[in-house]
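Residue numbers (my numbering): 25 to 279.
Idealized CB from N, CA, C, for every residue including glycine.
See structure below.
In structure tokens form, the structure reads like this:
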């Protein structure tokens, strides 16, 4: 049974995990590799990004997998994000499960979101609890948790995009890599938002941004470099792989 309550923070470790559950995915879903090597002429990069944005907008569903390539996503001392897996079911459903390393254990937290409502599993209890997101003020954490609301919209806001060349991914897919920079805070409408900063999210105005696009104009990978949370290292590199395009997705809402 779903238990609806305000998002309160009233004890030590449990308090930290509850506070950081949305922010965890927020940081997780973010950050290109600083290895542009021999970049080609940038002509055509904007056209490729525009076509990819249109193609991705037409999908009914997709899955994603976040990994940290270099550095650690540490929210507070002793709580480190390992990886995030999730799926988007359009028009309004999203789920993600994050795995965290604590000092003495590994835990998982699952988030389910639909149309402004947000549930999460409490690792210290049973089942889902609904978060009263009004406690975040004007800051909606799902904006930065869901790649459909941040990373994919950022395709239309890449500054100085350059075609680096062709790169083959681990599964054999040949892609075109494009490098540029983005202001993710502006994309999410969170630039200068005091409520976002209060919840531990602070985007630099310019983050290196790389995207890998296949021959069908589908985005296969996005990578970002740089810190978002106060405890993060300057050179942290995060990678989000997109997969399972238009495959059936079942995201039941907690009851």
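Looking at the secondary structure, which residues open and close the beta strand (DSSP E) in which residue 15 lies? Residue 15 is absent from the structure shown; the chain starts at 25 and stops at 279.
Cβ pair residue 200, residue 237 closer than 8 Å: Between residue 200 and residue 237, the C-beta spacing is below 8 Å.
Nearest candidate by alpha-carbon position, reference residue 306, set 251, 177 and 212: The shown model of the chain, from 25 to 279, leaves out residue 306, and the question about it has no answer.
Cβ shell of residue 227 (< 6 Å), same chain only, five flanking positions each side left out: 208 and 209
Residue 70, DSSP secondary structure in three states: helix
Taking a contact to mean a Cβ-Cβ separation below 8 Å, would you say residue 260 touches residue 95 in this structure? In this structure, residue 95 lies closer than 8 Å to residue 260 by Cβ.
When the Cα atoms are used, what is the spatial distance from residue 205 to residue 149? Linking residue 205 to residue 149 through their CA atoms gives a straight-line distance of about 41 Å.
Mind reading off the beta-carbon distance from residue 248 to residue 69? Whole number of angstroms is fine, and I expect it under 8 Å. With a beta-carbon spacing of about 17 Å, residue 248 and residue 69 fall beyond the 8 Å limit used to define contacts.
Continuous beta strand (DSSP E) stretch holding residue 264: start and end: 261 to 267
Hey, quick one: how far does the beta strand (DSSP E) through residue 208 stretch, first residue to last? Run containing residue 208: none in the beta strand (DSSP E); it sits in the alpha helix (DSSP H), 208 to 212.
Buried or exposed for residue 111, please, with buried defined as at least 16 other CB atoms from any protein chain shown within 10 angstroms of its CB. Classified as buried, residue 111 has 16 or more neighbouring CB atoms from the shown chains inside 10 Å of its CB.
Local conformation of residue 141 per DSSP, three classes: DSSP, reduced to helix, strand and coil, places residue 141 within a strand of the structure shown.
So, at 8 Å on beta carbons, what are the nonlocal neighbours of residue 240 in its own chain, with the 5 sequence-adjacent residues on each side left out? 79
When the Cα of residue 262 is compared with those of 268, 235, 277 and 276, which residue comes out closest? 235
With burial defined as no fewer than 16 other Cβ atoms inside 10 Å of the residue's Cβ, what is the status of residue 174: buried or exposed? buried
Could you say which of 166, 194 and 213 lies nearest to residue 245 if we only look at CA atoms? 194
Given a threshold of 16 other Cβ atoms within 10 Å of its Cβ, counted over all protein chains shown, does residue 139 qualify as buried or as exposed? That one is exposed.
Measuring alpha carbon to alpha carbon, tell me which of 87, 84 and 118 ends up nearest residue 277. 118
Neighbour-count burial assignment, residue 145, 16 or more Cβ in a 10 Å radius: A residue is called buried when at least 16 other Cβ atoms come within 10 angstroms of its Cβ; residue 145 meets this threshold and is buried.
Alpha-carbon to alpha-carbon, residue 179 and residue 85: 18 Å
Which residues share a DSSP beta bridge with residue 117? Paired residue(s): 113 and 138.
Helix, strand or coil for residue 173 per DSSP? DSSP places residue 173 in the coil class of the three-state scheme, outside both helix and strand.
Hey, residue 135 and residue 142: beta-carbon distance below 8 Å or not? yes
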